[in-house]
Amino acid sequence: MLGEVAQISIKNKVDGEVGLPKIAIGEAFINEIGVEGDYNNFRMERKKGTKKRAVLIHTVEMLNQLKKEGWPIKWGDLGENILLRGIKYEKIKLNMKFEIGEIILEVAEICNPCNNLAELEYVGKENVKEFILSLKGRRGWYCKVVKDGTVKKGDKVKLL
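Add 12 to a position in the sequence shown, counting from 1, and you land on the number used in this note's numbering.
Rendered as structure tokens:
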């Protein structure tokens, strides 16, 4: 075992809203398209539903580090679908595969921070540039789904 699922988060498609922050749920079905009930406008509209961005993962440890740096981040704020505990963010690399509950994810690309982060109440337009700079290389990792299934809060995470 490498770690565990601390939180699963989604946001349904709501006209006029960005996909932030995401809301915690207890479990989710995940397939090659993404997390059931979650909508990512950039991935679906601009990237034509690319399967390389099906799931966004992040770590509790990195969110805690960002809090120490003065950002009052709450779980789900950065758009992460699966928040991992017990895994060091800097140890996650491209092409790594994780077994999480019933699913298998493969790390496909780093998530670059975007201007939609200005929608977070503590960021706003006045702080978005500084926030984006502080998140460079630390916003999370997009994964493609190798094996579909259900993930629950507390599920163990194994490196394959």
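For glycine and all other residues, C-beta sits at the position ideal for the given N, C-alpha and C.
Status (buried if at least 16 other CB within 10 Å, exposed otherwise) for residue i
i	result
Phe-41	exposed
Asn-124	exposed
Asp-167	buried
Asp-27	exposed
Ile-94	buried
Asp-160	exposed
Gly-152	buried
Leu-172	exposed
Lys-25	exposed
Lys-2	Examination of residue 2 is not possible in this model, given that the chain is present from 13 through 172 alone.
Lys-86	exposed
CB of residue i within 8 Å of CB of residue j, strictly
i	j	result
Phe-110	Lys-156	no
Tyr-101	Met-74	yes
Gly-113	Val-163	yes
Ile-45	Ile-20	no
Gly-98	Glu-39	no
Tyr-134	Lys-64	no
Ile-35	Gly-88	yes
Glu-131	Leu-32	yes
Asn-128	Val-67	no
Val-119	Lys-103	no
Ile-116	Leu-96	no
Three-way DSSP call (helix, strand, coil) for residue i in this model
i	result
Val-30	coil
Leu-14	coil
Leu-171	strand
Lys-25	coil
Glu-114	coil
Gly-161	strand
| Which parts of the segment 43 to 104 are runs of the alpha helix (DSSP H), unbroken and 4 residues or longer, counting only runs that do not cross its ends? | 72 to 80
| query | At which residue ranges does the segment 118 to 154 contain complete alpha helix (DSSP H) runs of 4 or more residues, listed in the order of the chain? | reply | 136 to 147
| Are there three or more Cβ pairs, one per stretch, closer than 8 Å when the segment 69 to 82 is compared with the segment 142 to 154? | Counting C-beta pairs closer than 8 Å gives three or more between the segment 69 to 82 and the segment 142 to 154, which meets the contact rule.
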